[in-house]
Amino acid sequence: MSWLLEQFEHRSCLKEEDRASLEQYLDSHLLLIREMAESNQYCALVV
């Protein structure tokens, strides 16, 4: 996830609150993807 945040920072000027919001957004989606993979459901992002 740190790589994704670095990519966003390089492409735009993120304020601290923007970074925190983006980090929270990515965390929630990564957790969702992990849960889908662990429950043996098909997820194109995990394959």
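In the working numbering, the protein residues as written are 286 to 332.
Note that the Cβ used here is the ideal one computed from N, Cα and C, for glycine as well.
Start and end residues, alpha helix (DSSP H) containing residue i
i	result
SER313	301-323
SER297	It is not in any alpha helix (DSSP H) - SER297 carries neither H nor E in the DSSP assignment.
Exposure label - residue i; buried when at least 16 CB within 10 Å
i	result
GLU291	exposed
Beta-carbon proximity list for residue i, same chain, < 7 Å, skipping 5 on both sides
i	result
ALA305	none
PHE293	LEU299, LEU307
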